[in-house]
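Below: one structure, written as structure tokens.
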Amino acid sequence: ARNKKGTRNETRERKDQSHLRISRELFEYYVSRNKSIFSRRYRIKFEEMSILEYNGAAIIAMAGKNCVGIASDNRLGIQAQTVAMDFKKVFKITDRLYVGLAGLATDVQTLEQMLRFRNNLYELREERKMSPKVLSNLLSHLLYEKRFGPWFVEPVIAGLDDKGNPYLSTMDLIGAQCETKDFVVSGTCTGNMYGMCETLFRPNMDAEDLFETLAQALMSSTDRDALSGWGGVVHIITPEGVISRELKGRQD
């Protein structure tokens, strides 16, 4: 008799759970089809995450005196869930040219491979290294030609031109370029990074001061963002070579 009673209770619990699941699914479906009604009647604010924020990123590039730096965080996540702490977002194109890619992780890896292929092809045809300006135009064209089904990536380009002057450029996911002479940012905490860079940036910094400024700006910005962080890496590009240093940040 006890076994029969226990079986009836388990069956009833399973039915209740099934009804709750079906009710929840129906409610979510109804809400998704009638968001405007729910927003007006119950003052519910619906926010949808951009696909560019899905994996999280933080990239800063900054100019100094005859040098340029680019920094990125290390986190790879699925929204609030952390998947990896060593995801590479800044890539070397030449000895004096780096590109940072913030956005959807799969598109970041695909676009990096495409850029590497195009760079190798350029060097074979032209018999010279690609300049930052050329890479910026190339990347802009690659993004714009896919504008109806775009790569979900916002690139940052940092390098030294043929005269040793810093070059900084960024663009949106369809290739609209923006060149500047002080700093550029990209990722999920751009508001934080803009604020820190505007506070800490000084013209004509040497390589050491530039590293310190980039490191402080990146760490302070990512500490206040749930989708990026877990340390970072800073590359300082000078006419003599590249200085790369890793940063240890909060692990939460």
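Per our numbering, the very first residue in the sequence shown carries number 16; after that it's consecutive. Cβ coordinates follow ideal geometry from the N, Cα and C atoms, glycine included.
Item	Value
Along the chain, which unbroken stretches of the alpha helix (DSSP H) at least 4 residues long are found entirely within the stretch 87-144?	120-141
Classify T195 as helix, strand or coil using the three-state DSSP reduction.	strand
Would you give the residue range spanned by the alpha helix (DSSP H) that P147 belongs to?	P147 to Y159
Measure the C-alpha to C-alpha separation of N89 and R217 and round it to an integer number of angstroms.	26 Å
Out of N180, S235, I258 and M129, state which residue places its alpha-carbon closest to the alpha-carbon of R265.	S235
So what does DSSP say about G206, is it helix, strand or coil?	helix
Could you tell me which of Q128, D221, D176 and L183 sits nearest to M77, measuring between CA atoms?	L183
Drop a sphere of 10 angstroms on the beta-carbon of V168, count the other beta-carbons inside from all chains shown, and report buried for 16 or more, exposed for fewer.	buried
Around the C-beta of R260, are 16 or more other C-beta atoms found within 10 angstroms, so that it is buried, or is it exposed?	exposed
Assign I66 to one of three DSSP states: helix, strand, or coil.	helix
Excluding five sequence neighbours on each side, which residues of the same chain lie with their C-beta closer than 8 Å to the C-beta of L278?	Residue 278 falls outside the range modelled here, since the chain spans only 16 to 267, and no answer is possible.
With DSSP as the reference, please indicate the residues paired to G256 in a beta bridge.	T253
Classify C193 as buried or exposed, calling it buried when 16 or more other Cβ atoms lie within 10 Å of its own Cβ.	exposed
Between Q231 and D122, what straight-line distance do the alpha-carbon atoms span, to the nearest angstrom?	28 Å
Using only the alpha-carbon positions, how far apart do D238 and E142 sit?	44 Å
Going by other Cβ atoms of all chains shown within 10 Å of its Cβ, with 16 needed for buried, is L139 buried or exposed?	exposed
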